[in-house]
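If you're matching them up, the sequences are chains A and B in order.
Take 1 as the starting number for the first sequence in the UniProt record's numbering and just add one per residue.
Take 1 as the starting number for the second sequence in the UniProt record's numbering and just add one per residue.
Glycine included, each C-beta is placed from N, C-alpha and C at the ideal position.
Read through the structure below, which is laid out as structure tokens, and then see the notes.
There are 2 protein chains.
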Amino acid sequence: MAILYHHPLCPHSRFIRLVGTEMGLEPELVEERSWERRQDFMLLNPAGTTPVLIEGDGAVVPGATIIAEYLDETRGAALGDRRLMPADASERVEVRRLVDWFNGKFFDEVSGYLVTEKIYRRFMPTDAGGGPPDMNAIRAARTNVRHHLKYIGYLSATRNWLAGDRMTTADLAAAAHMSCVDYLGDVPWTEDENAKLWYARVKSRPAFRALLADRIPGMAPSAHYADLDF
Amino acid sequence: MAILYHHPLCPHSRFIRLVGTEMGLEPELVEERSWERRQDFMLLNPAGTTPVLIEGDGAVVPGATIIAEYLDETRGAALGDRRLMPADASERVEVRRLVDWFNGKFFDEVSGYLVTEKIYRRFMPTDAGGGPPDMNAIRAARTNVRHHLKYIGYLSATRNWLAGDRMTTADLAAAAHMSCVDYLGDVPWTEDENAKLWYARVKSRPAFRALLADRIPGMAPSAHYADLDF
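Right, dumping it as structure tokens:
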């Protein structure tokens, strides 16, 4: 059986949980606190980041974007016309651009700050950066998320899904990151109706159910977090 | 004819120049100063980063990792057994892990600091961050590069090339980033003989010649920069 080393509020891990479930892969989930830099985990992924997928045969696949490419290559064709990566090279460029946008830029500007400051710091020892959240980082994230929300609204209004007329890994990457921000109550949904409608569509997919059931001890999600009709 | 928007000392641009040349693609090079956030360039790549490839038919391919995947998909097969991406899914994982390592982690810890502080800041207007370099950032990069040099030495000694027994995009990504650091004289080559031997091998490829001829006005390269027998 496959294993996924993840953290419940790690947006990159959530992306792979979504991609995996859409493909019928239900790995055993093992929680990893990447800030502990556990020796055995560092051997699986020298970069020290979640998620890492271990295949049933022991093959190690580290890193969200890399796992998504790997899953498409090994299991994507079986999805037929529900495949999460388009066949056309130019369309694949747009999907990859947006996956990179959310896994990279959005994480650096929004979800990384919020998850680190509001969640991870509660569990870190003081000498590893634990303690109260840095409010400047949280404020920056709350400002930045508004621009990204508009961009999602613009893309979904002009294209139906973020990268084109079908749902792709780009939608799952975006929704995974947004779901973490939404857990923390930091998405100003009222500012963009199109973005909200897009998120409601992704959120209603069966693959999303497990994410909506996640709970972090001592930190309840926002009131509408698991509400499909928010 | 294809166009590549790039900057001569942008490590991500250099990576694509290497990959392109290995594939026989010789795009027209157009220098872009990404920090100017030029409107027409932002339309090509909303992330605002170099490189961006424009195909002869006008198709836009933004971002180093994405361009490399695209070039492999559209032109890779023609290389036969010199193809830069392996056919096996697990081997592709390792190549992508290392491309991500250098384009992401190495850039964040080493090449990004050095190029920004020593080069870009000289050309930026003061209100966009121009001015004298931040010596703390440079010192951090010089410390970090030593760990990466050891990692390159370890990989090349145990595998011949970084990701396995053949040269792949992983070697070109690593060498592109290292070449920028080497231009600035900040690679402590004497600390790892294996890494040095690996770099000498990549550097001697014909694709590397154009990079070794690059000169930034007012900033000469290190004495051994273009020396194949350094």
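> Can you list, in chain order, the residues of its chain whose CB lies under 7 Å from that of A/Ala176, leaving out five sequence neighbours each side?
Replying inline: Here the set comprises Pro11, Arg14, Phe15, Leu18.
> DSSP state of A/Met85, grouped into three classes?
Replying inline: In the structure shown, A/Met85 falls within a coil segment according to DSSP collapsed to helix, strand and coil.
>> Between A/Leu25, A/Ala174, A/Leu43, A/Val60, which has its C-alpha nearest B/Glu91's C-alpha?
In response: Checking every option, the nearest Cα to that of B/Glu91 belongs to A/Val60.
>> Let me check one thing: in DSSP terms, what residues is B/Ile54 bridge-paired to?
In response: Beta-bridge pairing links B/Ile54 to B/Ile3, B/Val60.
>> Let me check understanding here. Comparing Cα to Cα, which of B/Trp101, B/Ser222, B/Trp198 lies closest to B/Tyr183?
In response: Comparing alpha carbon positions, the residue from B/Trp101, B/Ser222, B/Trp198 closest to B/Tyr183 is B/Ser222.
>> On the CB-based measure, 16 or more other CB atoms within 10 Å of its CB, does B/Asn136 come out buried or exposed?
In response: Here B/Asn136 is exposed: its Cβ has fewer than 16 other Cβ atoms, across all protein chains shown, within 10 Å.
> Taking Cβ-Cβ distances shorter than 7 Å, what residues in chain A pair up with residue 233 of chain B?
Replying inline: Summary: the structure shown does not reach residue 233 of chain B, with chain B confined to residues 1 through 230, and so no result is reported for it.
> So, is the C-beta of B/Val145 closer than 7 Å to a C-beta in chain A?
Replying inline: Not one chain A Cβ lies under 7 Å of B/Val145.
> If you pair each beta-carbon of the region 76-93 of chain B with each one of the region 118-127 of chain A, do three or more pairs fall below 8 Å?
Replying inline: With a cut-off of 8 Å, the region 118-127 of chain A and the region 76-93 of chain B do not count as touching, because too few Cβ pairs lie within range.
> Which chain A residues are close to B/Ala47, counting only those with a beta carbon under 7 Å from its beta carbon?
Replying inline: Neighbours of B/Ala47 across chain A, judged by C-beta separation under 7 Å: Trp101, Lys105.
> Who are the neighbours of A/Gly63 on chain B, taking C-beta pairs under 7 Å?
Replying inline: Simply Arg97, Asp100.
>> So, at 7 Å on beta carbons, what are the nonlocal neighbours of A/Ser111 in its own chain, with the 5 sequence-adjacent residues on each side left out?
In response: The answer, listed in chain order, is Pro11, His177, Cys180, Val181.
> With DSSP run on the structure shown, which of helix, strand or coil describes B/Val30?
Replying inline: In this structure, B/Val30 counts as strand in the three-state DSSP scheme.
> Can at least three beta-carbon pairs, one atom from the region 194-207 of chain B and one from the region 151-160 of chain B, be found at a separation below 8 Å?
Replying inline: Taking 8 Å as the limit for Cβ pairs, the verdict is that the region 151-160 of chain B does touch the region 194-207 of chain B.
> Any C-beta of chain A sitting closer than 7 Å to the C-beta of B/Tyr199?
Replying inline: With 7 Å as the cut-off, B/Tyr199 does not count as an interface residue toward chain A.
>> Whole angstroms are fine: how far does the CA of B/Asp100 sit from the CA of B/Tyr225?
In response: Going by the C-alpha atoms only, they are around 25 Å apart.
>> For B/Trp161, tell me which candidate among B/Ala141, B/Pro217, B/Leu98 has the shortest Cα-Cα distance.
In response: It is B/Leu98 whose Cα lies nearest to the Cα of B/Trp161.
> Who are B/Met219's beta bridge partners in DSSP?
Replying inline: Paired residues: B/Ile216.
> Measuring CA to CA, which of A/Arg205, A/Lys105, A/Thr49, A/Gly130 is closest to B/Pro46?
Replying inline: Closest in alpha carbon position to B/Pro46, among A/Arg205, A/Lys105, A/Thr49, A/Gly130, is A/Lys105.
> Which chain B residues are close to A/Tyr70, counting only those with a beta carbon under 7 Å from its beta carbon?
Replying inline: Within 7 Å Cβ-Cβ: Ala89, Val93.
>> Is the beta carbon of A/Met1 closer than 7 Å to that of A/Gly63?
In response: In this structure, A/Met1 does not lie closer than 7 Å to A/Gly63 by Cβ.
>> Against chain A, does B/Glu73 count as a neighbour if the rule is that its beta carbon must be under 7 Å from one of theirs?
In response: Yes, contact with chain A.
>> At the level of alpha carbons, what is the spacing between A/Ala78 and A/Glu22?
In response: In a straight line, the C-alpha of A/Ala78 is about 11 Å away from that of A/Glu22.
>> Is there a C-beta anywhere in chain D that falls below 7 Å from the one on A/Ile3?
In response: Checking the listed chains, one finds no chain D in this structure; the protein chains it contains are A and B.
> Where does A/Thr102 fall in DSSP's three states?
Replying inline: According to the sequence as given, residue 102 of chain A is Phe; it is not Thr. Under the three-state reduction of DSSP output, A/Phe102 falls in the helix class.
>> Suppose you measure from the CA of A/Ser204 to the CA of A/Pro132; what does that come to, to the nearest Å?
In response: The alpha-carbon separation between A/Ser204 and A/Pro132 amounts to approximately 34 Å.
> When every heavy atom of the ligand SAH is checked, does at least one fall within less than 6 Å of the C-beta of A/Ala170?
Replying inline: Inclusion of the ligand SAH in the displayed structure is not the case, the ligand content being empty and no account of it being possible.
> Taking the alpha helix (DSSP H) that B/Tyr113 falls in, what are its first and last residues?
Replying inline: If you look at B/Tyr113, you'll find it in the alpha helix (DSSP H) that goes 112-115.
>> Applying the 10 Å Cβ sphere with the 16-neighbour rule, what's the burial state of A/Asp227?
In response: Exposed.
> Nearest-angstrom Cα distance between B/Gly58 and B/Glu32?
Replying inline: Using only the alpha carbons, I get a separation of about 18 Å.
>> Just verifying my parser: in three-state terms, what is the DSSP assignment at A/Thr21?
In response: Correct three-state label for A/Thr21: helix.
> So A/Leu53 and A/Leu84 are in contact, right, with Cβ under 8 Å, and what is the actual spacing, rounded?
Replying inline: With a Cβ gap of about 16 Å, A/Leu53 and A/Leu84 do not count as contacting.
>> Using C-beta distances below 6 Å, list every residue in its chain close to A/Ala68, excluding the 5 sequence neighbours before and after it, in chain order.
In response: The answer, listed in chain order, is Val19, Thr169.
> Can you tell which of A/Ala87, A/Ile119, A/Leu25 has its C-alpha closest to the C-alpha of A/Ile216?
Replying inline: Checking every option, the nearest Cα to that of A/Ile216 belongs to A/Ile119.
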